[in-house]
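Engineer: Line order of the protein sequences matches chains A and B. With numbering that gives the first Met the number 0 applied, the first sequence covers 0 to 393. With numbering that gives the first Met the number 0 applied, the second sequence covers 0 to 393. Ideal Cβ positions, reconstructed from N, Cα and C, are used throughout, including at glycine. On a predicted model such as this, the values are computed, not experimentally measured, just so you know. Below you'll find the structure I mean.
Number of protein chains: 2
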Amino acid sequence: MSPTIPDDPLGAFCRENHIAVKGASAGPLAGLTFAAKDAFNIAGARTGFGQPDWLRTHEPATETADAVVRLLAAGADMVGKTHCDELCYSLTGENVHFGTPVNVNAPGRVPGGSSNGSAAAVAGGLVDFALGTDCGGSVRIPASYCGIIGLRPTHGRVSDRGVLPFGPSFDVVGWFARDIDLFARVGDVLLDADTAAAPTRLMVADDAWDELEPPVAASLKHAAAQVEAMLGAPAHLRVSPEGLAEWFEVFRTLQAAEIWATLGGWVSATQPQFGPGTKERFAYAATITPAQVEAAKARRRAIRAQVDALLGADGVIVLPTSPRVAPLRGTPADKVEVEYRNQAQRILCIAGLAGLPQISLPMAQLDGLPLGLSLIGARGSDRALIALARRVLA
Amino acid sequence: MSPTIPDDPLGAFCRENHIAVKGASAGPLAGLTFAAKDAFNIAGARTGFGQPDWLRTHEPATETADAVVRLLAAGADMVGKTHCDELCYSLTGENVHFGTPVNVNAPGRVPGGSSNGSAAAVAGGLVDFALGTDCGGSVRIPASYCGIIGLRPTHGRVSDRGVLPFGPSFDVVGWFARDIDLFARVGDVLLDADTAAAPTRLMVADDAWDELEPPVAASLKHAAAQVEAMLGAPAHLRVSPEGLAEWFEVFRTLQAAEIWATLGGWVSATQPQFGPGTKERFAYAATITPAQVEAAKARRRAIRAQVDALLGADGVIVLPTSPRVAPLRGTPADKVEVEYRNQAQRILCIAGLAGLPQISLPMAQLDGLPLGLSLIGARGSDRALIALARRVLA
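Now the structure itself:
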């Protein structure tokens, strides 16, 4: 442990519950530094979850999250915990209690959330890589907004033991890096062997692209052409026969019900002071009925079968990570927390509902602001997906 | 050669230019009988092409079509030639000059064309199997209407040497049988080794299914469920992002231009007496400009890449063969030769434009009338497609 909070001009690191842990003296990640989102338990420190009342009402963790243990054992040094959105329930990256980490690649704009501090710290070069979590887009969106690489792995692929549960059937542990070679080295530590073939059959998810404004689409299509040049002419298709708006409703219903199941008891008992948007989302989460959940679960099974069948063992879907560049800091909540979030989640819910790996690559820009291009691979193809990203970014 | 026309209660066989050829005394098809559509050249007989003026103005063939030679060498006996639609330019099966072969599985209804005599002869048990050709659906439609098995192979897979050219970039040699085991034995003779993997990843072409009236769709979906039970949950997608109406225009433009190129000179010089519809279609074929052809060729390349990318090496698309059961004999030409034909070709053009194998299986009925369910496989997967059909029909 280190008593010293890292030099932090970006406001990315947690102060009240700071902790640092030195890694093994040798290993494949020796000499590298990383940070972990403040949703990972680190023995000896309280986990804050982006919420002061949560921090206040919880005892220090007695165990360290599996993913952190693996990285430490591989020789990387954890230099601190990073801020996240309030209870992780936002994609924006503005935390009314702990501030908004600076997005060095999009000055004056939000870093995206909920893994905002991890993404900002990586983008700003404060650490070599950082851990985040992704339930509805919390790794992918900040990767896109901050112009860095981020992976949402296959659901269950990276152990989430010791990570605060949020929407467990969607929650995954992911990570960020600026450099794809370093990104792959971290993957070699966190991921076991693939169970799927290398992706070679490219598909363009037209329905996801249709969510974009023309300038965003133009910039990202230019990036997608680089993938097409590598894998050959893609198939154009709509991932969702029912439309992504319908899929998003399935996602929203299940996610909200799970969040209420994991956090509703604490919220009811504690009556925390919530920032803009959080209270409304918990109020919505409390309204989901068991009948809605059962219907949505049946739809999720069908959606999963649909996407699995599209991908087979060797498919890869190219799609935008986000429908937009990072919004300006201070954009009203009805925009960022409702309109933008819903629009983004119509795209993000594909990998979420299907439980599939999605990597966001900083391959495009609009007016100098980063835009991520995403690849979704077959279940268990995470390493091959990273290998493909390496070829694409080479 | 045999001087005797087979016993023919169905009106399937050609009389004016009848020819029969005994096969080798031993071989994998020894003891089986077959017929060949009167578009296959058989040395010593004139080829009629379903048109009396064509028959009159052509000398006897001096060579026998490759496919027939292969079958004879394998021990099968060719017992006669079968009627086809006028110059093969129809999907209906009614020939104003030579009559309409009887469809024993749909009494009072057409057998479908243009390989009408071959399909009728197989359905009625006059031969064990029969050869046809398929440019725009001339094997698939009569297979569906007559309740038998028919394959449109990968374009170029079965030699078309010695077969009258019609629309060469679409023309293929196919065959019919009642029984899948016998069908496969013929395939073993006509097909070289596959170049694609076995199809395992099932896709439902929603855009093709959307062409059906609800009762037809219901019956065929019940049949498709048997394929799904075997291969697992399918992906639902639209094969054509642009819509099948656009694809059909590409097909129609290229097919008409090719037909004019192969037959326009003879039609202009001979001014044959045409039956209903044929004259109008040739008049249309004469109007296609080179600029239209070039644009359509570019679209066909993109369509081929699209379908190839969807299928990969292991994909298979399930779709209806035809949007309807066999129409009643004597249905007005504006219905069967325009409305029904266009509707059918919006489905049939998928395999045609892509040059891919499509097998039609007699797996459904509506009001006791046959309906074919089709599978489209990857380029060069013909044998594997037949093997899959064998499992499905088992």
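Quick one, which of B:11, B:317, B:18, B:293 has its alpha-carbon nearest residue 232 (chain B)'s?
Structural biologist: Residue 232 (chain B) has its Cα closest to that of B:317, out of B:11, B:317, B:18, B:293.
Engineer: Using Cβ-Cβ distances below 8 Å, what residues of the region 200-217 of chain A are close to chain B?
Structural biologist: Correct list: 200, 201, 202, 205.
Engineer: So is residue 193 (chain B) in contact with chain A if we call contact Cβ pairs under 8 Å?
Structural biologist: Closer than 8 Å: no.
Engineer: With a threshold of 8 Å, are at least 3 pairs of Cβ atoms found where one atom belongs to the region 274-294 of chain A and the other to the region 354-366 of chain A?
Structural biologist: These segments do not touch.
Engineer: When burial is assigned at 16 or more other CB atoms within 10 Å of the CB, is residue 327 (chain A) buried or exposed?
Structural biologist: The residue in question, residue 327 (chain A), is exposed, as its Cβ has fewer than 16 Cβ neighbours within 10 Å.
Engineer: Just checking: is the beta-carbon of residue 197 (chain A) within a distance shorter than 8 Å of some beta-carbon in chain B?
Structural biologist: With 8 Å as the cut-off, residue 197 (chain A) does not count as an interface residue toward chain B.
Engineer: Give me the Cα-Cα distance between residue 18 (chain A) and residue 305 (chain A), rounded to the nearest whole angstrom.
Structural biologist: Their Cα atoms are separated by approximately 44 Å.
Engineer: Can you tell me which of B:252, B:228, B:373 puts its alpha carbon nearest to the alpha carbon of residue 288 (chain B)?
Structural biologist: Selected option, being the one with the closest Cα: B:252.
Engineer: Kindly indicate the opening and closing residues of the alpha helix (DSSP H) around residue 353 (chain B).
Structural biologist: From DSSP, the alpha helix (DSSP H) with residue 353 (chain B) extends over 339-353.
Engineer: What residue from A:171, A:45, A:48, A:16 has the CA that sits closest to residue 136 (chain A)'s CA?
Structural biologist: Ranking the options by Cα distance to residue 136 (chain A), first place goes to A:171.
Engineer: Can you tell me which of B:174, B:208, B:64, B:11 puts its alpha carbon nearest to the alpha carbon of residue 343 (chain B)?
Structural biologist: Ranking B:174, B:208, B:64, B:11 by Cα distance to residue 343 (chain B) puts B:208 first.
Engineer: If you measure from the beta carbon of residue 236 (chain A) to each beta carbon in chain B, is any gap under 8 Å?
Structural biologist: Cβ-Cβ to chain B under 8 Å: yes for residue 236 (chain A).
Engineer: May I ask which residues mark the beginning and end of the beta strand (DSSP E) holding residue 215 (chain A)?
Structural biologist: Unbroken run through residue 215 (chain A) is the alpha helix (DSSP H), 213-230; no beta strand (DSSP E).
Engineer: When the distance is taken between beta carbons, is residue 138 (chain B) closer than 8 Å to residue 122 (chain B)?
Structural biologist: No.
Engineer: Count the other C-beta atoms from every protein chain shown that fall within 10 angstroms of the C-beta of residue 270 (chain B), then say buried if there are 16 or more, exposed otherwise.
Structural biologist: Classification of residue 270 (chain B): exposed, given that the 10 Å Cβ count is below 16.
Engineer: Please state if the CB of residue 195 (chain B) and the CB of residue 380 (chain B) are separated by a distance shorter than 8 Å.
Structural biologist: Yes, Cβ-Cβ distance for residue 380 (chain B) and residue 195 (chain B) is below 8 Å.
Engineer: How would you call residue 77 (chain A), buried or exposed, if buried means at least 16 neighbouring beta carbons within 10 angstroms?
Structural biologist: With 16 or more Cβ atoms within 10 Å of its Cβ, residue 77 (chain A) is classed as buried.
Engineer: Could you name the residues that DSSP lists as bridge partners for residue 258 (chain A)?
Structural biologist: Answer is none; residue 258 (chain A) lacks a bridge partner.
Engineer: Strictly under 8 Å for the Cβ-Cβ distance: is residue 243 (chain A) near chain B by that measure?
Structural biologist: Chain B contact via Cβ: absent.
Engineer: What number of angstroms, rounded off, separates the C-alpha of residue 50 (chain B) from the C-alpha of residue 346 (chain A)?
Structural biologist: Using only the alpha carbons, I get a separation of about 57 Å.
Engineer: Mark residue 272 (chain B) as exposed unless 16 or more other C-beta atoms lie within 10 angstroms of its C-beta, in which case mark it buried.
Structural biologist: Exposed is the call here.
Engineer: Could you give the first and the last residue of the continuous alpha helix (DSSP H) run that contains residue 305 (chain B)?
Structural biologist: Counting along the chain, the alpha helix (DSSP H) containing residue 305 (chain B) begins and ends at 289-310.
Engineer: Residue 352 (chain B) touches chain E at which residues, Cβ-Cβ below 7 Å?
Structural biologist: The displayed structure is made up of protein chains A and B, and chain E is not among them.
Engineer: DSSP three-state call for residue 81 (chain A): helix, strand or coil?
Structural biologist: Reduced to three states, the DSSP call for residue 81 (chain A) is strand.
Engineer: What residue range is occupied by the uninterrupted beta strand (DSSP E) comprising residue 316 (chain A)?
Structural biologist: Residues 314-319.
Engineer: Please classify residue 333 (chain A): is it buried, with 16 or more other beta-carbons within 10 angstroms of its beta-carbon, or exposed?
Structural biologist: It counts as exposed.
Engineer: So which of A:10, A:106, A:101, A:108 has the shortest CA-CA distance to residue 79 (chain A)?
Structural biologist: It is A:10 whose Cα lies nearest to the Cα of residue 79 (chain A).
Engineer: Enumerate in chain order the residues of its own chain whose CB-to-CB distance from residue 1 (chain B) is below 6 Å, with the five nearest sequence positions on each side excluded.
Structural biologist: Note that residue 1 (chain B) scores 49 on pLDDT, short of 50, meaning its location in the model is unreliable and no value can be drawn from it.
Engineer: Can you name the residues that DSSP bridges to residue 200 (chain A)?
Structural biologist: DSSP lists A:314 as partners of residue 200 (chain A).
Engineer: Starting from residue 209 (chain A), trace the alpha helix (DSSP H) in both directions and tell me its first and last residue.
Structural biologist: It is not in any alpha helix (DSSP H) - residue 209 (chain A) carries neither H nor E in the DSSP assignment.
Engineer: Compare the Cα-Cα distances from residue 215 (chain B) to each of B:324, B:174, B:155, B:184 and report the closest residue.
Structural biologist: When only C-alpha atoms are compared, the closest one is B:324.
Engineer: If I follow the unbroken beta strand (DSSP E) through residue 175 (chain B), where does it start and stop?
Structural biologist: Unbroken beta strand (DSSP E) run through residue 175 (chain B): 171-176.
Engineer: Using a C-beta cutoff of 8 Å, does residue 305 (chain A) count as contacting chain B?
Structural biologist: Output row for residue 305 (chain A): interface = yes.
Engineer: So what does DSSP say about residue 108 (chain A), is it helix, strand or coil?
Structural biologist: Note: residue 108 (chain A) maps to strand in three-state DSSP.
Engineer: Give the DSSP bridge partners of residue 33 (chain A), in chain order.
Structural biologist: Note: residue 33 (chain A) sits in a beta bridge opposite A:77, A:128.
Engineer: Report all residues from its chain with a CB closer than 7 Å to the CB of residue 205 (chain A); omit the five preceding and five following residues, and keep chain order.
Structural biologist: Only 235, 236, 237 meet the Cβ criterion.
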